[in-house]
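Note that the protein sequences, when read in sequence, are chains B and R.
Reminder that position 349 of the first sequence reads as 349 in the UniProt record's numbering, one-by-one numbering, no gaps.
Reminder that position 55 of the second sequence reads as 55 in the UniProt record's numbering, one-by-one numbering, no gaps.
Virtual Cβ for every residue (Gly too), placed ideally from N, Cα, C.
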Amino acid sequence: MPLYLNDDQKMLQDSAADFMKGEGNVAHFREFRDKNCKDGFSHALWKQFAEMGFTGILVSEDEGGLGLGHTEAGVVLEEIGRNLTPSPFLTTAVAGVEALNAGGKALRDKYFPGILSGDSVLALAIDEGAKHRPDQIAMAATRAGNGFKLDGKKQFVVQGGSADTLIVAARTSGSAGDDKGLTLFAVDTSVGGLSRDSVRLVDSAMAAHVEFDGVVVDADAVIGEVDEGGAVLKRMLNAGRAGAAAETLGVGAGAMDITVDYIKGRKQFDTIIGSFQALQHRTAHLYSEMEIARATVLKAQQMLDEGSSKAEMMVSVAKAKAGKATSLSVKEGVQMHGGVGMTDEYDIGLYMKRDRALAEFMGDTNYHTNLVAEMHGY
Amino acid sequence: MSDLESFREETVAWLEANCPPEMRQPMVDESDICWGGKNPTFKPGQKEWMDKMAAKGWTVPDWPKEYGGGGLSRAETKILLQEMGRLKIRSPLSSFGIWMLGPALLHFGSEEQKLHFLPPIARGEVRWCQGYSEPGSGSDLASLQTSAEDKGDHYLINGQKIWTSYADKADWIFCLTRTDKTTKHKGISFMLFDMTNEGVETKPIVLISGQSAFCETFFTDVEVPKTYGEGVSSVVGEVNRGWDVAKYLLGHERSMISGDGSSGATSLGSKFADQYGRDEMGRLDDPMLRAQMAEMDIDVLAFRAMAERFGDTFKANLCHPAQPNMMKYAGTEINKRRHELIMSAGGSEVLEWESDASNGGLTARGWLRTKANSIEGGTSEVMLNVVSKQILQLPNA
Numbered sequence: 001m002p003l004y005l006n007d008d009q010k011m012l013q014d015s016a017a018d019f020m021k022g023e024g025n026v027a028h029f030r031e032f033r034d035k036n037c038k039d040g041f042s043h044a045l046w047k048q049f050a051e052m053g054f055t056g057i058l059v060s061e062d063e064g065g066l067g068l069g070h071t072e073a074g075v076v077l078e079e080i081g082r083n084l085t086p087s088p089f090l091t092t093a094v095a096g097v098e099a100l101n102a103g104g105k106a107l108r109d110k111y112f113p114g115i116l117s118g119d120s121v122l123a124l125a126i127d128e129g130a131k132h133r134p135d136q137i138a139m140a141a142t143r144a145g146n147g148f149k150l151d152g153k154k155q156f157v158v159q160g161g162s163a164d165t166l167i168v169a170a171r172t173s174g175s176a177g178d179d180k181g182l183t184l185f186a187v188d189t190s191v192g193g194l195s196r197d198s199v200r201l202v203d204s205a206m207a208a209h210v211e212f213d214g215v216v217v218d219a220d221a222v223i224g225e226v227d228e229g230g231a232v233l234k235r236m237l238n239a240g241r242a243g244a245a246a247e248t249l250g251v252g253a254g255a256m257d258i259t260v261d262y263i264k265g266r267k268q269f270d271t272i273i274g275s276f277q278a279l280q281h282r283t284a285h286l287y288s289e290m291e292i293a294r295a296t297v298l299k300a301q302q303m304l305d306e307g308s309s310k311a312e313m314m315v316s317v318a319k320a321k322a323g324k325a326t327s328l329s330v331k332e333g334v335q336m337h338g339g340v341g342m343t344d345e346y347d348i349g350l351y352m353k354r355d356r357a358l359a360e361f362m363g364d365t366n367y368h369t370n371l372v373a374e375m376h377g378y
Numbered sequence: 001m002s003d004l005e006s007f008r009e010e011t012v013a014w015l016e017a018n019c020p021p022e023m024r025q026p027m028v029d030e031s032d033i034c035w036g037g038k039n040p041t042f043k044p045g046q047k048e049w050m051d052k053m054a055a056k057g058w059t060v061p062d063w064p065k066e067y068g069g070g071g072l073s074r075a076e077t078k079i080l081l082q083e084m085g086r087l088k089i090r091s092p093l094s095s096f097g098i099w100m101l102g103p104a105l106l107h108f109g110s111e112e113q114k115l116h117f118l119p120p121i122a123r124g125e126v127r128w129c130q131g132y133s134e135p136g137s138g139s140d141l142a143s144l145q146t147s148a149e150d151k152g153d154h155y156l157i158n159g160q161k162i163w164t165s166y167a168d169k170a171d172w173i174f175c176l177t178r179t180d181k182t183t184k185h186k187g188i189s190f191m192l193f194d195m196t197n198e199g200v201e202t203k204p205i206v207l208i209s210g211q212s213a214f215c216e217t218f219f220t221d222v223e224v225p226k227t228y229g230e231g232v233s234s235v236v237g238e239v240n241r242g243w244d245v246a247k248y249l250l251g252h253e254r255s256m257i258s259g260d261g262s263s264g265a266t267s268l269g270s271k272f273a274d275q276y277g278r279d280e281m282g283r284l285d286d287p288m289l290r291a292q293m294a295e296m297d298i299d300v301l302a303f304r305a306m307a308e309r310f311g312d313t314f315k316a317n318l319c320h321p322a323q324p325n326m327m328k329y330a331g332t333e334i335n336k337r338r339h340e341l342i343m344s345a346g347g348s349e350v351l352e353w354e355s356d357a358s359n360g361g362l363t364a365r366g367w368l369r370t371k372a373n374s375i376e377g378g379t380s381e382v383m384l385n386v387v388s389k390q391i392l393q394l395p396n397a
C-alpha cells in the first residue's frame with residue numbers, strides 16, 4: 001500500500017474538510033465555549049456527523065456502518081483537529097467502537113444503532129491518575145451475583161459527563177502492574193452508584209471525574225473475556241492513540257497554516273515579516289517536522305488496517321512524533337504572531353490549548369518514547 | 001498465489017542460491033563498498049556478486065532491460081530490495097552512474113546516448129564522478145566558471161572543480177561547464193567525458209576525519225569531442241540547458257544523501273544497551289542516555305516512514321518538486337544527531353584515533369564525516385530557503 005491517500009480516501013478527505021470547515025469551524029467552537037455549554041459540543045452537529053456516515057467508519061457494513069479503517073477515521077480526525085471541531089468522535093466512533101468491535105454481537109447490537117444514528121456518546125474510563133498509566137489500573141471489579149460490582153475512581157474521562165456509556169477498564173484479579181486480570185466493561189451511565197463530576201479543561205472540552213460506588217453490572221457488560229481485557233484494551237488504545245495522533249496532526253497543520261498566512265501579511269519595519277530569513281528557516285523546519293509526523297501517522301494507520309504485528313510500535317512513534325511536531329507548531333505560532341498571539345481574539349492560542357489537552361490524551365510524548373524503548377527491549 | 005508472491009518466492013530462492021557468503025556479512029567501513037570501474041579493486045565475493053546481479057539486470061532492477069536493467073515494476077523492485085535487506089545481502093554495486101547520471105540520462109538522454117552509456121553503468125564497467133562544485137561556486141552553483149569553448153568538432157575545457165567525490169578513482173565525469181558567459185543559468189551545459197583525457201588532474205583533499213573521498217579536479221585545455229558516435233552527443237540535453245539536467249539530478253542526489261536517517265541499525269538504543277550495560281530492570285544503564293536513544297529511535301522510525309512516503313509520492317508524481325530539499329534537510333540533521341549520540345555512548349573508547357580496539361578510529365571518523373552531510377549537495381540553510389520560498393511561498397526580502 002503506497003504511503004499516501006487513495007482516491008476514495010481523498011474523496012472522504014474532501015467531504016470531511018468541507019463539512020468541518022462549514023459546520024464545525026472555529027466560530028462554532030467559540031459559540032459553544034462562550035455559552036458555557038455543559039457538554040462542550042453540539043448534539044445537533046453530532047447528528048450531522050452520523051448523517052455523513054462518519055460515526056460508522058469503523059462499524060462493519062453488515063452492522064450498518066461503512067466498514068472502513070483507521071486510515072479513514074484518521075482522515076476525519078485530521079479535519080476535526082484542523083478546525084478545532086468539538087465532538088465526541090474520537091472517544092465514541094473511534095476508540096469506543098474499536099473496543100466494542102472486540103466484544104460479542106449482543107454488545108454491538110445494543111450499542112451500534114445509537115452510535116450510527118448520532119444519539120449515543122461513549123467515553124473511556126481508563127486513567128486513574130494525572131498521567132496515562134494503563135498498566136497501573138487498580139480499580140476493582142468483584143464478582144457479585146450474575147455479574148460484577150465496580151468500585152473505584154477514574155479521571156480525565158473526556159466527554160464522560162455527556163456519555164450514555166462508559167468503556168471501563170477494571171481489575172477482576174491480580175493487582176496493579178500485572179499483565180493479566182484486567183477486564184473491560186460497557187457500563188451505562190444511568191446505573192446506580194455511578195457519579196460524575198464534569199470539569200472544563202484548558203481547551204474548553206469537558207472531562208469527568210467518575211466515581212464507582214458499588215456499581216453493579218451484569219455479565220453481559222463484559223467486553224471480550226473476563227481477566228483477558230488486556231488485549232481488548234490494547235486494541236482500543238491503539239485505535240485511540242492513532243486517532244489522537246491524527247487529530248493532533250490536524251491541530252499542528254491548522255496552526256502552521258494560519259501562522260504562515262499571518263507572517264505573509266504582517267509588516268514591521270515596512271517589510272513583510274515573512275521575508276525575514278530567521279522566520280523563514282524556522283517555518284521551513286516546522287514544515288519538515290509536520291511532514292514527517294504526517295508520514296508516521298499514516299504509516300501507523302495503514303499498519304493497523306493491515307493487522308501488522310508491528311503496528312503498536314508505529315502507533316507510539318506516531319503519537320510521540322505528532323505530539324512533538326504539533327507542540328512546536330503551536331508554540332512557534334504564538335511566538336510568530338507576537339502580542340496578538342496572546343489574545344483570545346486570535347485563533348492561534350486556541351490551537352495551543354487543544355494541543356496541550358490532546359498531548360495528555362492516551363499518553364504523552366514521554367510516555368510513548370519510553371514505550372518505544374521498552375518495545376525495543378532496553 | 002499472486003504474481004508478486006511467486007516473484008518473491010523465486011527471488012528469495014535465487015538470492016539464497018547465488019549470493020556469495022562474503023556478501024552477506026555486514027559492511028565494516030567504506031572500503032567494503034563495491035564500486036566497479038575500469039581498474040577496480042575487488043574484495044572476495046564482490047566481483048562474482050556484481051556480475052551475477054548484472055546478468056539479471058538487478059544492479060539497476062527498475063531500469064528497462066534494453067539499457068542493462070531488470071525491467072522490474074515498482075512493486076517487484078521493492079520486493080527485491082526488501083528481501084535483500086531481510087537476508088542482509090549487500091548491494092552488488094554502488095555508483096554515481098546508477099544513482100545520478102543514469103536517472104538523468106533516462107530522462108534527458110537521446111536513445112543512442114542511453115544505449116551507449118547505460119549498459120556499462122549497469123555492469124559496473126565504468127565508474128563515474130560528478131563535476132559540479134567549484135571553489136567559488138558552492139551553494140550558488142550556477143555561478144560556475146569552468147569553461148567549454150566550442151572549437152568546431154570539440155569543446156576545449158578549462159577550469160577547476162572541487163569536492164569531486166572519488167575523482168581520483170573515476171573513469172568518466174559528468175560535468176557542468178559554462179558554454180555561454182553572457183548569461184547565468186542558461187549558459188551551462190551538462191557534459192560527459194573521459195578522465196584519462198590529457199589535461200585532467202585530480203588531487204585528494206584531506207578532511208577533519210583524516211580521510212576523504214573528495215578531490216580537487218583541474219582541467220587544462222581538455223579536448224572533449226562533440227560526439228562519441230552517431231547520436232551519442234557528449235552533451236546531455238541541449239547545449240546551454242544543462243541547468244535543467246543538473247536540477248533534476250540534484251533532486252536525486254538530495255534524496256540519496258538524506259538516506260533513511262539510520263545507516264542500517266534498527267534500534268540505536270538496543271544496540272547500546274547491549275554494549276553499555278543494563279540495570280536490574282533490563283534498561284539501558286544511564287537514564288539520560290536511554291531517553292536520548294529512545295528519542296532518536298523514534299526520529300529514525302519516523303524519518304523512515306517519511307522516506308517511504310516521499311518515495312511513493314515521488315514515483316506517483318504527487319509530491320512537491322521541492323520536497324527533496326526538505327528530505328535532504330531533515331535526513332542529514334537526524335544523521336548528525338545520531339552520530340553525536342553514538343560518540344556519547346561510546347565514551348573514551350571511541351576517541352582512540354588509531355588503535356585496533358577502535359578499528360582505526362572508525363566511529364570518530366564516521367562522526368566527523370557526518371558533519372559534511374548538511375553542507376554537501378546544498379547546505380541545510382539553502383534547503384530551508386528553498387522550502388520556505390517554493391513550498392511555503394514566503395516572500396523575498
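List the residues of chain B whose Cβ lies closer than 7 Å to the Cβ of residue i, in chain order.
{"i": "L250/R", "result": "Result: empty, since nearest Cβ-Cβ is about 17 Å, beyond 7 Å."}
{"i": "S267/R", "result": "H376"}
{"i": "N396/R", "result": "S275"}
{"i": "T313/R", "result": "Y4"}
{"i": "D279/R", "result": "The contacting residues do not exist; D279/R stays about 10 Å from chain B at best."}
{"i": "residue 400/R", "result": "No statement about residue 400/R is possible, as the shown extent of chain R runs from 1 to 397 and does not include it."}
What is the residue span of the alpha helix (DSSP H) that residue i lies within?
{"i": "V26/B", "result": "26-34"}
{"i": "M343/R", "result": "323-346"}
{"i": "K88/R", "result": "That residue, K88/R, is in no alpha helix (DSSP H); it is neither H nor E in DSSP."}
What does a CB cutoff of less than 7 Å around residue i pick up in its chain, not counting 5 residues either side in sequence?
{"i": "S6/R", "result": "none"}
{"i": "G242/R", "result": "L176, I188, S189, F190"}
{"i": "F32/B", "result": "G40, F41, S42, P86"}
{"i": "D305/B", "result": "G69, H70, T71"}
Quick one: what's got a C-beta closer than 8 Å to residue i's C-beta in the same chain, skipping five residues either side?
{"i": "I263/B", "result": "I272, I273, G274, L279, T283, M336"}
{"i": "V239/R", "result": "T179, S189"}
{"i": "R74/R", "result": "D62, K315"}
{"i": "D153/R", "result": "P225, K226"}
Give the interface partners of residue i over in chain R, defined as CB-CB distance under 7 Å, in chain order.
{"i": "H285/B", "result": "L384"}
{"i": "N370/B", "result": "A294"}
{"i": "I272/B", "result": "P395"}
{"i": "V317/B", "result": "I298, L301, A302"}
Which same chain residues end up closer than 6 Å to residue i when comparing Cβ atoms and leaving out the 5 residues on each side of it in sequence?
{"i": "S263/R", "result": "The predicted position of S263/R is uncertain, since its pLDDT is 45 and thus under 50; a value taken from the coordinates is nonetheless stated next. Nothing listed; no residue qualifies."}
{"i": "K149/B", "result": "T142, G214, V216"}
{"i": "V12/R", "result": "E83"}
{"i": "N25/B", "result": "N83"}
{"i": "A246/B", "result": "G74, L77, E78, V297"}
Please list the partners that residue i has in chain R, where partner means a Cβ-to-Cβ separation under 8 Å.
{"i": "S288/B", "result": "M326, Y329, A330, V387"}
{"i": "T296/B", "result": "L301, A302, A305, M306"}
Where do the ends of the beta strand (DSSP E) carrying residue i lie?
{"i": "N158/R", "result": "154-162"}
{"i": "D197/B", "result": "194-200"}
{"i": "D218/B", "result": "206-218"}
{"i": "E149/B", "result": "Before going on, a small fix: residue 149/B reads as Lys here, not Glu. Looking at the DSSP string, the run of the beta strand (DSSP E) that includes K149/B is 147-158."}
{"i": "W35/R", "result": "First-last for W35/R: undefined, no H or E at that position."}
{"i": "K169/R", "result": "First-last for K169/R: undefined, no H or E at that position."}
{"i": "D194/R", "result": "188-194"}
{"i": "R127/R", "result": "No beta strand (DSSP E) contains R127/R, which DSSP labels as neither H nor E."}
{"i": "M143/B", "result": "Residue identity differs from the one stated: residue 143/B is Arg in this sequence, not Met. First-last of the beta strand (DSSP E) with R143/B: 140-144."}
{"i": "D167/B", "result": "First, the residue type needs correcting, since residue 167/B is Ile and not Asp in the sequence shown. Note, I167/B: beta strand (DSSP E), 165-171."}
In chain B, what lies closer than 8 Å to residue i by C-beta?
{"i": "A273/R", "result": "G377, Y378"}
Name the chain R residues that come within less than 9 Å of residue i, Cβ to Cβ?
{"i": "K35/B", "result": "None at all; the shortest Cβ gap to chain R is about 37 Å."}
{"i": "K331/B", "result": "In chain order: nothing, as chain R lies at least about 18 Å away."}
Am I right that residue i and residue j are in contact with their C-beta atoms under 8 Å? What's the rounded C-beta distance?
{"i": "P26/R", "j": "K88/R", "result": "7 Å"}
{"i": "W99/R", "j": "H252/R", "result": "6 Å"}
Would you mind telling me which residues of chain B sit closer than 9 Å to residue i, beta carbon to beta carbon, in chain order?
{"i": "A372/R", "result": "Simply none; closest approach about 20 Å."}
- Enumerated in chain order, which unbroken segments of the alpha helix (DSSP H) with a length of 4 residues or greater are wholly contained in the segment 209-275 of chain R? Entirely contained in the segment 209-275 of chain R, the alpha helix (DSSP H) runs reaching 4 residues are, in chain order, 242-258.
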